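Structure first, then comments.
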Amino acid sequence: MKIATFNVNSIKVRLPILLSWLEEARPDVVCLQEIKCLAGDFPALELKGLGYHAEVVGQKTYNGVALLSKAPARDVMGSLPGNDGDEQARYVEATVDGIRVASLYLPNGNPVASDKFAYKLAWMTRLKAHAEALLAQELPFVLAGDYNVCPTDADVFDPAMMSADALCQGDSRRRFRALLNLGLVDAFRVFHPEPHRYTFWDYQQGRWYRDEGLRIDHLLLSPQAADRLIAADIDKGPRGKEKASDHTPVWCEIA
DNA sequence: ATGGTAGCCTTGCTA
């Protein structure tokens, strides 16, 4: 089973690129972030045309996540536990073919000296608590999405320039490592130890042209999923097209 | 030159 994550930065604008990529890459499950629309405005019919079901947690203008799957999704959960007052659309989780899959859009957190950064850290603490609850079930699961965290300086084109950014803060990285320390596996790094492999390139200042990016989109696997992991990679194809998202898809394959 | 890009039911916010 091939599972992918792709921050599309507006599903409306990115639909042609998404559809052509789905036809070429044929993932079984796709976690989308920043769809930037209400569930009722999600292009479900176009995706159904390629054989995908869609579970959508939408929001107007900002955020919004979705889970596409060839097989129907079961037991859908539309928010991250731990804060009933949180109205930002950043989490959807469901079971597909016996694997629990989450599409998550972790808060960016900039600027660091703001309530946005506190919200990011609190969100990561909630994610860890939820991962612990999932681990207790001892079943395969994949937490995939835009984590807005560069795990190490090897995931940053210019660590010094980015050192004050919320994506590279020690507090952000420690919480990301806390997920790994639970036993979750960064699928990409199992096969690709080399530094400077990116999933995001800013639209500004020729970052894509110069390959100056960040690795912030990740698939974290439970031990039961990691035992079946056979491949993972970044697909840079969609980032090089006209009207591209600033992110590109990352995927893993589970036997 | 305190800029630069993209998307949003925009004229500022988010990334």
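Its first residue numbered 0, the first sequence is counted upward by one per residue in numbering that gives the first Met the number 0.
Virtual Cβ for every residue (Gly too), placed ideally from N, Cα, C.
For clarity, every value in this text was computed on a predicted model and none was experimentally measured.
Run of the alpha helix (DSSP H) containing residue i, from where it starts to where it stops
i       : result
Lys-169 : Here the sequence assigns Gly to residue 169, which means Lys is not the residue at that position. Note, Gly-169: alpha helix (DSSP H), 169-180.
Ala-43  : 43-47
Glu-33  : Where Glu-33 is concerned, there is no enclosing alpha helix (DSSP H), given that its DSSP letter is neither H nor E.
Ala-72  : Taken as a continuous stretch (DSSP letters only), Ala-72 belongs to no alpha helix (DSSP H), as it is neither H nor E.
Ala-224 : 222-225
Three-way DSSP call (helix, strand, coil) for residue i in this model
i       : result
Thr-4   : strand
Glu-54  : strand
Ile-10  : helix
Ser-19  : helix
Phe-156 : coil
Asp-185 : strand
Leu-105 : coil
Arg-99  : strand
Asp-216 : strand
CA-to-CA distance, residue j to residue i, given in whole angstroms
i       : j       : result
Ala-243 : Leu-37  : 21 angstroms
Asn-109 : Leu-120 : 11 angstroms
Ile-10  : Asp-216 : 17 angstroms
Pro-192 : Val-141 : 20 angstroms
Leu-105 : Lys-47  : 27 angstroms
Pro-248 : Asp-152 : 21 angstroms
Ile-2   : Arg-238 : 18 angstroms
Glu-23  : Leu-67  : 16 angstroms
Lys-320 : Leu-213 : Coverage of the chain is limited to positions 0 through 254, which leaves residue 320 absent and any answer about it impossible.
Phe-199 : Gln-168 : 18 angstroms
Ala-53  : Ala-43  : 6 angstroms
Arg-25  : Gln-32  : 18 angstroms
Glu-319 : His-246 : Residue 319 cannot be examined here, being either before or after the span of the chain that is shown, 0 to 254.
Tyr-202 : Asn-8   : 12 angstroms
Lys-69  : Val-55  : 15 angstroms
Ala-101 : Tyr-118 : 20 angstroms
Residue span of the beta strand (DSSP E) that contains residue i, given as start and end
i       : result
Ala-65  : 64-68
Leu-79  : Unbroken run through Leu-79: none, as it is neither H nor E.
Asp-232 : 228-233
Val-94  : Per the sequence presented here, residue 94 reads as Thr, with Val not at that position. Segment 90-95, the beta strand (DSSP E) holding Thr-94.
Trp-250 : 249-253
Query raised in the report: Does the region 193-212 touch the region 126-136, meaning 3 or more C-beta pairs lie closer than 8 angstroms?
Result: no
**Report entry** Entirely enclosed beta strand (DSSP E) segments - the region 121-147, minimum 3 residues
**Finding:** Segments of the beta strand (DSSP E) lying fully in the region 121-147: 140-145.
Report task. Assess, as a yes-or-no matter, whether the region 176-193 is touched by the region 157-168 under the definition of 3 or more beta carbon pairs within less than 8 angstroms. Result -> no
Query - Touching by the beta-carbon criterion (3+ pairs, under 8 angstroms), the region 43-60 and the region 172-180 - result: no
Query raised in the report: Okay, do the region 224-232 and the region 111-120 touch, 3+ Cβ pairs below 8 angstroms being the bar?
Result: Flag = no, the region 224-232 and the region 111-120 do not touch.
Query raised in the report: Given 8 angstroms as the limit, is there contact between the region 74-93 and the region 4-20, that is, 3 or more CB pairs closer than that?
Result: Segments in contact, no.
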